[in-house]
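Take any residue in the sequence shown, count from 1 to its spot, add 1154: that is its number in the working numbering.
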Amino acid sequence: MAEKVNVLLSEEEVDAKIKAIGEQISKDYAGKQVHLVCVLKGGSFFMCELAKRITVPVSLDFMSVSSYGSETKSSGVVKIVKDLDEPIKGKNVLVVEDIVDSGRTLSYLMEMLKDRGPESLRLCTLLDKPERRVVDVHVDYTGFQIPDEFVVGYGLDYDQRYRNLPYIGVISFE
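This is how it looks when you write it as structure tokens:
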């Protein structure tokens, strides 16, 4: 079975949207420092580009969570694979994710982080699939709402491939 990737969002569209999100975050956090928490692995591409476009002081940390195990469908059970390196108590935390779909993992993650006492806690995602939502999650900054398609590129993968594409593409199997 051959795979084909069709461009959904071009590199230029993604770049322009990240610039706009960075400008909004810079306004919203004016006079403060923002602590970006990247959800690995997919969020790393987005967070690096976003951080470059934020003009207020930025610090970074990383988490890896899983709700899939070895399955292709979410189990609904969230496992912390890699926790934060530093405490977030008293910090203005912005969780940076590549895509929000069912909301299960992020709902759990946001509640867990809220219990750690940050000054503020917000969520930023490059892509949002609201029609797949089964758990309500408030997203503060959204790049693009996309249809319920399997997407790759810009950190998103299929079997660990295609993360390095500079655009967002829809993968199909022929």
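No residue lacks a Cβ here, since even glycine has one placed at the ideal position from N, Cα and C.
Query	Result
Considering just the uninterrupted stretch of the alpha helix (DSSP H) at residue 1162, what are its terminal residues?	It is not in any alpha helix (DSSP H) - residue 1162 instead sits in the beta strand (DSSP E) that spans 1157-1163.
Classify residue 1166 as helix, strand or coil using the three-state DSSP reduction.	helix
How would you label residue 1286, buried or exposed, when you count the other beta carbons within 10 angstroms and need 16 or more for buried?	exposed
Expressed to the nearest angstrom, what Euclidean distance is found between the alpha-carbon atoms of residue 1305 and residue 1200?	15 Å
Out of 1220, 1267, 1283, which has the shortest C-alpha to C-alpha gap to residue 1234?	1220
Please state if the CB of residue 1186 and the CB of residue 1325 are separated by a distance shorter than 9 Å.	no
Which of the three DSSP states is assigned to residue 1312 in this structure?	strand
Secondary structure at residue 1279, three-state DSSP: helix, strand or coil?	strand
What is the DSSP secondary structure of residue 1224, reduced to helix, strand or coil?	With a pLDDT of only 45 at residue 1224, under 50, the local geometry of the prediction cannot be trusted, and no value is derived from it.
What is the residue span of the beta strand (DSSP E) that residue 1251 lies within?	1246-1254
What's the call for residue 1223, buried or exposed, on a 16-neighbour Cβ count within 10 Å?	Only weak support exists for where residue 1223 lies, its pLDDT of 47 falling under 50; the value from the coordinates is given anyway. The residue is exposed, with fewer than 16 neighbouring Cβ atoms inside 10 Å.
Given a cut-off of 9 Å, decide if residue 1161 and residue 1323 are closer than it, judged by their beta-carbon atoms.	yes
Could you check if residue 1272 is buried or exposed, using at least 16 other CB atoms within 10 Å of its CB as the buried criterion?	buried
Less than 7 Å between C-beta atoms, sequence neighbours within five positions excluded: which residues of the same chain meet that for residue 1284?	1299
What residues are listed by DSSP as bridge partners for residue 1190?	1214, 1248
Would you check if the distance between the CB atom of residue 1155 and the CB atom of residue 1193 is smaller than 9 Å?	no
What residue from 1243, 1172, 1302 has the CA that sits closest to residue 1279's CA?	1172
Sorted by chain position, which residues of the same chain lie with C-beta nearer than 6 Å to residue 1302's C-beta, five sequence neighbours on each side aside?	1283, 1285, 1286
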